[in-house]
Structures are given as structure tokens and as C-alpha cells.
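Here the structure comes first, spelled out in C-alpha cells, and everything after it is commentary.
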Amino acid sequence: MDKDSSQTLKRQRVYNVLKDNTARLHNEIWQDNGLGSAVWSNSHGSASYEKPGHHTLSFYLSGGQNTKRCLSGGDMFGGEDKLCLMPTDHRSQWSFADPFSFFHFYFEQKHLQNFAEQVFDKEGRHIELKECTFVDDPFVNQLVRQTMLQLDWESDTDKLMMSHAQQMLLLHLVRRYCQLPLQLPQSQGGLSPQNQRLVMEYIESHLMQSFTLADLATLTQLSEFHFARMFKTSFDCTPHQYVLSRRIARAKDLLQENILPLAEIAMACGFSSQQHLSQQFKQRVGMTPAAFRKAQNRR
């Protein structure tokens with residue numbers, strides 16, 4: 002995230018209100034395209050939002066029964082698994098009395114417009130996000146808890162999956178919470194053989210580097226959503242899963258050579274640390290990198 006950018010600071014208006022308040026920030030991730038996610042906790046105090054200039058999805062992870070939105074017609078109280086949507090031009094006041102934790106997703110009007118135009122092939126200028134306070138949404142519940150919160154937000158590999166999850170979240174919001182009703186077009190099939198080769202060659206030559214879903218989509222001149230959808234059709238896995246499998250395969254090759262220390266192998270394969278390599282390797286191979294190297298040396 003470019004912290005010196007005035008545009009970034011503008012996007013973070015709700016984020017900044019919380020950071021300057023009594024809230025505690027536990028985790029955050031910002032994509033190059035401006036999408037942001039954060040995990041917060043709070044226990045007391047209040048917050049006021051006045052036309053923040055960006056959209057915010059708020060999902061309560063725990064607590065929140067004594068968190069309320071202050072309204073002239075009667076206060077509304079929250080709770081675990083409740084969802085709030087705060088559009089770019091909304092105004093709201095909130096009061097917190099007991100400990101609770103929550104997930105935020107920050108996005109702009111241009112993200113909704115681009116999604117409507119690129120994914121649904123519809124004019125997106127008039128798309129509007131509905132305001133919602135403390136509603137139930139099983140899809141968001143599952144996506145946030147079982148996917149987004151399970152990822153290592155500092156890992157370059159997991160950032161690919163995070164980007165894909167954010168695209169799925171945008172798709173859900175456009176389809177369910179926007180004033181302009183849109184239907185997802187039929188699948189266009191997989192990537193062409195030429196694009197498959199192009200993407201595979203790019204991934205192989207950039208395994209030790211950080212790259213995003215947008216980088217891969219640009220190679221094929223597709224939107225991130227369409228690219229991820231067509232990639233899965235072609236490879237029977239998500240881009241994140243494919244890249245991770247290639248990084249594990251590269252690690253196996255380097256371990257068999259028995260030259261580099263584990264920390265350098267982790268860097269050469271695009272893992273954030275030796276610990277991250279060990280976790281992912283054991284999960285997929287069934288043994289640690291050190292055990293794998295010893296087993297190869299016995300042959």
C-alpha cells in the first residue's frame with residue numbers, strides 16, 4: 002500500500018476513523034487495484050461516518066450484541082455473524098459497549114462499475130450499493146471465515162487467493178445488494194491454448210517473485226473475474242492452487258539437489274519465510290522439507 006498517496010488515504014476514511022478511535026487493528030491487506038481488507042476489535046467508544054467516499058462491508062466475527070447503530074427511529078443492535086453495508090455517501094453513528102471483533106472490506110464505486118461492465122457486460126454508471134444494517138448473509142459468512150481469514154495475508158502466494166476471494170465478494174455484492182439487478186452470463190469456457198502457455202510460462206519464470214491475479218489476467222487481456230473463471234475451467238484448480246503447486250514442485254527439485262539451505266529455498270520459491278515453506282510443504286507432501294531432503298539422500 003502506498004501510504005503517501007492521497008487517493009489511498011481517501012479510500013481509507015472509515016479505516017482512519019477506526020484507527021484514530023479506540024479500535025485495535027489486527028490484520029490488513031491492500032491490493033494494487035485499491036481493494037482493502039482489515040480485521041479489527043473494539044470494546045468501547047463510538048464512531049461517526051460522514052460520506053466516507055468509499056464503500057465498506059462490515060462483518061461481525063464475535064460479540065457485537067451491545068454494538069448499536071444510533072438512529073432517530075430507534076437504535077439497532079448487532080451480533081455475531083451480522084453484516085452491514087455502508088455505501089460511499091452514507092451517514093451513520095455507532096456506539097460500542099462490549100468487546101467485539103469484525104472484518105472490513107473496503108472498495109470504491111469504480112470497482113462496482115468495472116465489475117458490472119467487465120463481468121456482466123452492462124453499463125455500470127448507475128449501479129448503486131444498498132445500505133444494510135445487521136443482516137444475515139451465509140455466503141459472506143462462509144467466504145470470510147473459511148477462506149479469507151484462513152490465509153496468510155503477508156504471503157505472496159496467499160495474496161493470489163485473497164484477490165480471488167475479493168472478486169467473489171464483489172460478485173456477490175453486485176448480484177445481491179445493488180439496485181441494478183444483474184445476471185451472470187453463461188461460462189465462456191477455458192483459456193485458449195496460447196493463453197494457457199503464456200500464463201504457464203509467466204508463472205514458471207516468476208515463482209520467486211510476487212505477482213497478482215491482475216498481473217495474470219493482463220497477460221490474457223481478460224478481467225480478473227473472467228480470467229480466474231476460465232483458468233479454473235482449463236486447469237481444474239484456481240490460479241492460487243496452481244501457483245502453490247508449482248512452488249512446491251520447485252522446492253522439491255531444490256531439496257533433491259541438496260545444495261541450498263532451507264531459508265534460501267523458501268526465497269527462491271516465492272514463500273515469505275522458511276516457516277511458511279515448511280507449513281505449505283508438509284500440508285501438501287506429508288512431511289517437512291527437512292524430512293523430504295533426508296529421505297531423498299537415503300536413496
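First residue of the sequence shown? That's 2 in our numbering, and the numbers climb one at a time after it. Just so you know, even glycine gets a beta-carbon here, dropped at the ideal spot from N, CA and C. From a predicted model like this one, the values you see are computed outputs, not experimental measurements.
Among the options, the one whose alpha carbon lies nearest that of residue i
i: F103; options: H112, E81, Q110; result: E81
i: F101; options: I249, A218, A24, H241; result: A24
i: Q195; options: M163, H45, M87, T221; result: T221
i: F116; options: T289, F228, E205, Q297; result: F228
i: M87; options: F78, T134, D99, C71; result: T134
i: A215; options: Q167, M209, R251, Q151; result: Q167
i: N28; options: M268, L223, M149, D137; result: M149
i: L72; options: Y61, S93, S59; result: S93
i: A291; options: S273, A269, K253; result: K253
i: S206; options: S164, R247, G190, C238; result: R247
i: K20; options: Q151, H105, G75; result: H105
i: D137; options: L263, P53, L245, Y61; result: Y61
i: K83; options: T89, D90, Q151, L58; result: L58
i: E51; options: T89, E155, M201; result: T89
i: I30; options: M163, Q147, N22, H91; result: M163
i: K283; options: E265, A269, L245, P262; result: L245
i: Q210; options: Q151, L171, D159, L192; result: D159
i: F236; options: S193, T213, Q275, Q276; result: S193
i: E202; options: E265, F140, Y243, A269; result: Y243
i: K317; options: N22, F212, H165; result: Shown here, the chain extends from 2 to 300; a query on residue 317 therefore has no answer.
Proximity below 8 Å, CB of residue i to CB of residue j
i: E129; j: C179; result: yes
i: W95; j: T68; result: yes
i: F97; j: N43; result: yes
i: G271; j: D157; result: yes
i: G46; j: Y107; result: no
i: L113; j: V175; result: yes
i: H173; j: E109; result: no
i: S224; j: Q143; result: no
i: R294; j: N259; result: yes
i: L278; j: A267; result: yes
i: G339; j: G65; result: Residue 339 lies beyond the residue range present for the chain, which begins at 2 and ends at 300; the question has no answer from this structure.
i: S273; j: E155; result: yes
i: L208; j: R251; result: yes
i: Q275; j: L261; result: no
Residue interval of the alpha helix (DSSP H) (run including residue i)
i: Q94; result: Taken as a continuous stretch (DSSP letters only), Q94 belongs to no alpha helix (DSSP H), being part of the beta strand (DSSP E) at 92-97.
i: S273; result: Taken as a continuous stretch (DSSP letters only), S273 belongs to no alpha helix (DSSP H), as it is neither H nor E.
i: H27; result: Per DSSP, H27 belongs to no alpha helix (DSSP H); it is in the beta strand (DSSP E), 25-31.
i: M301; result: Any answer about residue 301 is impossible in this case: the structure gives the chain only from 2 up to 300.
i: I249; result: 240-258
i: H227; result: 225-236
i: E205; result: 194-206
i: D159; result: 157-178
i: P290; result: 290-298
Buried versus exposed call for residue i [16 or more other C-beta atoms within 10 Å across all chains shown]
i: M231; result: buried
i: R198; result: exposed
i: M288; result: exposed
i: Q8; result: For Q8, the predicted model reports a pLDDT of 46, less than 50, meaning its position is unreliable; a value from the coordinates is still stated below. The residue is exposed, with fewer than 16 neighbouring Cβ atoms inside 10 Å.
i: R285; result: exposed
i: Q281; result: buried
i: L161; result: buried
i: R126; result: exposed
i: V145; result: buried
i: I249; result: buried
i: A218; result: buried
i: D3; result: No answer about D3 holds up, because its pLDDT of 45 lies below 50 and its placement is not dependable.
i: G190; result: exposed
i: S49; result: exposed
i: P53; result: buried
i: A39; result: buried
i: D33; result: exposed
i: D99; result: exposed
i: P240; result: buried
i: L26; result: exposed
i: L152; result: buried
Residue i CB to nearest heavy atom of the ligand ADP below 7 Å
i: S47; result: With respect to the ligand ADP, the structure offers nothing, as it holds no ligand at all.
Contact with chain D by residue i, beta-carbon distance below 8 Å
i: L199; result: Among the chains in the structure shown there is no chain D, since it carries only a single protein chain.
Continuous beta strand (DSSP E) stretch holding residue i: start and end
i: N34; result: It is not in any beta strand (DSSP E) - N34 carries neither H nor E in the DSSP assignment.
Which full runs of the beta strand (DSSP E) of 3+ residues lie inside the region 51-136, going along the chain? 56-64, 68-70, 83-87, 92-97, 101-108
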